[in-house]
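Residues 963 to 1292, numbered by my numbering, are exactly what the sequence shown covers, in order. Even glycine gets a Cβ: it sits at the ideal position worked out from N, Cα and C.
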Amino acid sequence: AGNGSRIISAYGKILYDGSAVDKQQIQRGRRTKSMSLKTTIGITALAVLGCAAGAFYWLRARGEQPVPEVVSAELPGFHEAPAAEKSAVAAAGTSPLPRESKKTTPPVDPGPLLKAGEVLEYTANVSKLNNVASLKLQVAGRGNFLGKSSWHLQAFAHTQNPLRMVFELDDQFDSYSDAGTLASLQYEMHLSERGQKVQSVQRMTATGKEPASEDATEARVLPGTRDPLGMMQYLRNVDWTKTPEVQSSVYDGHKLYDVRAQLAAASEQVNVPAGDYTASKIGIRVFDGGVEMKDASFTLYVTNNAARIPVLLEAVMPFATARVELLRAN
C-alpha cells in the first residue's frame, strides 16, 4: 500500500517520496556494500524481529542524539476497558519474571498472559559489539477498538552509540490486536531518522467491509493475520508442551508473510542481563510467497514459568550473529 508518489519496500520502509534528492540517496544506498552497513541493517532488523518474526525493513545510515520517546495518544476509536474488566485481566495475569509440519494455529487464551502496563526492555548485541540497539516492548492497555475487545501493544527501537553515530534509528510501533486471537485490527509505524519522520497506519480487513479512516490505509489480509507485535505475544501464549508447532500469517505493514514456529527444545538454560532462566527454545522460519527465506535463521527463548517471557532472540545471518537479550521486566 502506498501514498501518492511514495514507493514502499517489501519490508514496510518508505524508500522514495518523489523528490530527486531522496531518489539519489536511495541509489547511493543501494550501492553501499560495506560490512558495517550490512551489520547495522541486520541488527536493526533483528530488533524489530524482537517484536515478531518477519518484520524487516531497510534504513539509511544517519546519526546523532536520540529523539525523546513519546507515547502516542490512544486512537479515537480505542476505548479503555472498564476498571472491573481490567482488574479481572490483571488478576489472571502473572507477575514479572522470577529468576529462574502441522499447520495448526490454536487460539490464544483470552487475556491471562497479557498484563496492562507490562514493560520488557532488551539490548541488542552483534558479534563482539554489545548494546548496539535497545528495544522496549509494552502492553499499553486493553480496551475496545471499533467495537472489538482488543489489546494496544507498543514497541520502541533505538540505536545506541557508537553505532548511532552512523545509523540513527528512533522508531515506534503500535498494534491494536484482537483480545482473543491477537489477530491485527490496526498496525502503525512511526519511523524517525535524523528528524525525518514517516507515519504509516494500516487498517486490517479480510473482507473489505471495515473501511479505513482518513489517516489510514486499508490492508487486505488473510483472516487471522497478525502484525509483528501481535505475533510476539501470540508466541508467548502458545502452550508448547501441547502444541509443538504453529503457523500464522504476519503482515509487516506492507507485505504478507507465512511464519512457522516449532519447539526445538523443551528446556534450555539461558543467561541474559536480567538473570538466568529455564526456557523453551523455539525455531522460527519465515516464508515469502511459499519460499523459505534461508539467508538467516532465528531462535526465540521463552521462559518455562507462568509468565512465559521472551528472554532471548538469536539470529544467525551471513554477515553476523546477533542476540536480543532481556535487560529487565516491569
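- Relative to Gly1192, the option among Tyr1263, Leu1147 and Gln1164 whose CA is nearest is Leu1147.
- Cβ contact annotation for Met1255 (same chain, cutoff 6 Å, sequence separation greater than five): Val1248, in chain order.
- Boundaries for Asn1266: no alpha helix (DSSP H) harbours it, and the DSSP string shows neither H nor E there.
- For Ser1139, the closest C-alpha among the options Asp1189, Leu1097, Leu1153 and Lys1098 is that of Asp1189.
- Per DSSP, reduced to three states, the secondary structure at Gln1164 is strand.
- Restricting attention to Thr1203, Lys1204 and Arg1222, the CA atom closest to the CA of Val1212 is found in Arg1222.
- From the listed residues Glu1276, Asn1123 and His1152, the smallest Cα separation to Ser1259 is found for Glu1276.
- By the C-beta criterion, the segment 1200–1207 is judged not to be in contact with the segment 1148–1159, since fewer than 3 inter-stretch pairs fall below 8 Å.
- In the three-state scheme derived from DSSP, where H, G and I count as helix and E and B as strand, Met1151 is classed as strand.
- Rounded to the nearest whole angstrom, the C-alpha separation of Ser1229 and Asp1238 is 13 Å.
- Per DSSP, the continuous alpha helix (DSSP H) segment holding Pro1190 begins and ends at Pro1190 to Asn1199.
- In this structure Ala1178 is not in contact with Arg1198, their Cβ atoms being roughly 27 Å apart against a cut-off of 8 Å.
- One alpha carbon belongs to Thr1265, the other to Arg1182, and they sit about 34 Å apart.
- In terms of Cβ geometry, Leu1076 and Val1094 do not form a close pair [threshold 7 Å].
- In the assembly as shown, Gly1105 is a buried residue. Its beta-carbon has 16 or more other beta-carbons within 10 Å.
- Where Trp1202 is concerned, there is no enclosing beta strand (DSSP E), because DSSP gives it neither an H nor an E.
- The beta carbon of Pro1280 sits closer than 7 Å to those of Asp1257, all from its chain and outside the five residues before and after it, given in chain order.
- In the DSSP assignment, Asp1132 falls within the beta strand (DSSP E) that extends over Asp1132 to Asp1140.
- Counting every other CB atom within 10 Å of its CB across the protein chains shown gives Arg1290 a total below 16, marking it as exposed.
- DSSP places Arg1156 outside any beta strand (DSSP E), giving it a letter other than H or E.
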